[in-house]
Amino acid sequence: MPIARTYRKGSAVTEMSGAQSLVRSLEEIGADVVFGIPGGAILPAYDPLFDSQRLRHILVRHEQGAGHAATGYAQATGRVGVCMATSGPGATNLVTPIADAYMDSVPIVAITGQVPSGAIGTDAFQEADICGITMPITKHNFLVQNADEIPRVLTEAFHIASSGRPGPVLVDIAKDALQAPTTFSWPVEMQLPGYRPSARPHGKQVREAARLIVDAKKPVLYVGGGVLKARAAAELRALAELIGAPVITTLMARGAFPDSHPQHLGMPGMHGSVAAVTALQKCDLIIALGTRFDDRVTGKLSTFAPDATVIHADIDPAEISKNRNADVPIVGDAREVIVDLAAAVKSEMDAGRQPDYAGWWRLCNDWKNRYPLGWSEESDGSLSPQQVIQHLGRIAGPEAVYVAGVGQHQMWASQFISYENPYTWINSGGLGTMGFAVPAAMGAKVGRPDALVWAIDGDGCFQMTNQELTTCAIEGIPIKVAVINNGSLGMVRQWQTLFYGSRYSNTDLKAGRTTYLPDFVKLADAMGCVGLRCESADDIDATIEKAMGINDAPVVVDFVVGKDAMVWPMVAAGTSNDDIKVARDMAPDFDYEMGEVVSE
Ligand SMILES: Cc1ncc(C[n+]2csc(CCOP(=O)(O)OP(=O)(O)O)c2C)c(N)n1
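Heads up: the sequence shown begins at 709 in this note's numbering, then just goes up one per residue.
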């Protein structure tokens, strides 16, 4: 978000406290929502916040919820999410969501109170060196001990969070700085001499990339979350259709390219589609856009895409050649890169150099048709989690926003819902944070109140942060939650089945009990939500439709599903993508069709 646009020019210099200056700065920057919990050190800020007409404060039940809500808000809207906490335990409760936002490059600003400046370093009550603690998990952090600095630091924090490669910024403000008298005028000038993220790609590199694209026989567009951050879905589609190459979207990029598009092969990686994983593995050219060759995508790195030349475009130069050497590195904003690349490819085509991928498409389409995503029914007749999620996606539709927790349900939600639009899929990709879904869905719904927001959560994840449903009920945030309740820590159980001889050490959440424990319907009711339960395939659609009809309260649907379902395909951790399995001990049969790709 270009912060400068939100400046209101010409305000007079006004005397006020540091705390008032903080609230005014947030208002002037254009923030509209703060998720947080007060406490001693941040208390001065809560007093003027009480009077603000432009800032809505949402009182969460746990600071982790505030942080994930800020992330959900940012991911759904493209604006900076804001969370606030007191010093010590308030601040340390933000550590997980800050790390989560850092891994997924999400622009959030976390504001924490700090003990008075004279007490810093004395082990004062509720003192924690949150700047030190969050140094490696923030894009930048500030310790403010002088009230006069508050407007400038806030301006810089929002700018750093949202520009270049987005990320979390922490602003820790000593209590005495909040209480001290200061003057306020707006706008303020930023002092960031060393911070100049470069958005414009280098023309020579782009032309080189275009030449490789038209010469390639087996290219793949490997699209990551950076394309969504750059708001470049439309430009991506134009480029993809111009080139005509297969497209794969990572877990962080689901929705950046329509799932229904014939050029889409699906998601790569550990639980990616056979077509996407194999195309990446067998291609001769990777066009990587806003993506980082994460280990979950590459599998065993030394065996990844052995024949591929790599074009790697990213706004963060540190990503280029970090994991896989880039033959053509392009540093720049994904939207600018895509637009320039399309123009350069067009020039090549106009000069008579037409790409020809017909042979490659025969292979890709064959993999796509031969190995579609699917599942087998539960042997004990219980509800299939994949079926629940697929029906939810069909009924809620492609305009809804889906927010997942972490585990099997997250992978199924990525696989079995058809994402047709950008910003309709929000999840914790890099950190894999259980407990993400409910608070992130709350933040998404606050940011986009008109959107239908469904959290798809596991029963393990749900038990980590469901208390934010009370926040949702009180604050009028009617999210819907589908708890995919398999009674276990399913993803860990799956690994125990496959790699630990089915020894289920500490993954049975009910320790063998057959009762509902906890009873999610009663729990929902206790938190001011409507609770529903579905245990049979015949009731899936009616239950979802019933939930869809309730819009004056949050809804929790307890889908009681079988515990033995597994996520397939799978590339086991540390193994090569060549060893992808479509089911237990079942590898796809590639032998018949590989060989030289020749176009007719
Ligand atoms: C905070 C945190 N703790 C532990 C893990 C390790 N972990 C990954 S998936 C998973 C199980 C999740 O269980 P559940 O929410 O029930 O989802 P399911 O896999 O059954 O769909 C665990 C424990 C994690 N990712 N995050």
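All C-beta atoms in this analysis are idealised placements derived from N, C-alpha and C, irrespective of residue type, glycine included.
Since this is a predicted model, take the numbers as computed values, not measurements.
- At least 8 Å separates the beta-carbon of ILE745 from that of ALA809.
- Apart from sequence neighbours up to five positions away, the residues of its chain that approach ASN1174 with a beta-carbon distance below 6 Å are VAL1146, ordered along the chain.
- Taking all protein chains shown into account, GLN1062 has fewer than 16 neighbouring C-beta atoms within 10 Å of its C-beta and is therefore exposed.
- For the 8 Å CB-CB criterion, LEU1177 and ALA1232 form a contact.
- Taking the Cβ of ILE1192 as the reference point, at least one heavy atom of ligand 1 falls within a distance shorter than 7 Å.
- Residue pairing by DSSP places MET724 opposite THR890 in a beta bridge.
- GLY1137 carries a coil assignment under DSSP once its states are collapsed to helix, strand and coil.
- In its chain, beyond the 5 residues on either side, GLY1195 and LEU1225 have a beta carbon closer than 7 Å to the beta carbon of LYS1218.
- At a Cβ-Cβ threshold of 8 Å, THR1179 and GLY826 do not count as neighbours.
- PHE1001 and ASN1031 have their C-alpha atoms spaced approximately 6 Å apart.
- Rounded to the nearest whole angstrom, the C-alpha separation of PHE1124 and VAL1229 is 25 Å.
- Relative to ligand 1, the nearest heavy atom lies less than 7 Å away from the CB of MET1199.
- Per DSSP, reduced to three states, the secondary structure at GLN822 is strand.
- Counting the other CB atoms within 10 Å of its CB gives ASP1015 a total below 16, which places it among the exposed residues.
- At a threshold of 7 Å, MET1142 counts as near ligand 1, since its beta carbon sits closer than that to one of the ligand's heavy atoms.
- The Cβ-Cβ distance between LYS883 and PRO824 falls below 8 Å.
- For VAL1114, the shortest separation between its Cβ and any heavy atom of ligand 1 lies below 7 Å.
- Counting only the Cα atoms, ALA1281 lies some 23 Å from GLY1143.
- ASP1272 has its CB no nearer than 7 Å to any heavy atom of ligand 1.
- About 15 Å separates the beta carbons of GLY775 and SER813, which is beyond the 8 Å limit, so they are not a contact pair.
- When DSSP assignments are scanned along the segment 987 to 1072, the uninterrupted stretches of beta strand (DSSP E) that are 3 or more residues long and fall wholly within it turn out to be 993 to 997, 1017 to 1022 and 1036 to 1039.
- Scanning the segment 1209 to 1259 for uninterrupted beta strand (DSSP E) segments of 3 residues or longer gives 1238 to 1242, listed from N- to C-terminal end.
- Linking ASN1033 to HIS1020 through their CA atoms gives a straight-line distance of about 9 Å.
- When the Cα atoms are used, PRO966 and PRO1080 turn out to be separated by approximately 17 Å.
- Cβ-Cβ distances below 6 Å link MET1274 to GLN1202 in the same chain, with the five nearest sequence neighbours on each side left out; the list follows chain order.
- Bounds of the alpha helix (DSSP H) holding LYS1153 are 1145 to 1155.
- A direct Cα-to-Cα measurement between ILE881 and LEU1197 gives close to 39 Å.
- Secondary-structure assignment with DSSP links VAL1096 through no beta bridge to anything.
- Pairwise C-beta distances place the segment 976 to 988 out of contact with the segment 1250 to 1269, as fewer than three of them are shorter than 8 Å.
- In the DSSP assignment, ILE838 falls within the alpha helix (DSSP H) that extends over 838 to 842.
- Per DSSP, the beta bridge partners of PRO927 are LEU993.
- Look at SER1196: its beta carbon is less than 7 Å from one of the heavy atoms in ligand 1.
- With a cutoff of 7 Å, CYS1180 does not count as near ligand 1, since its C-beta is closer than that to no heavy atom of the ligand.
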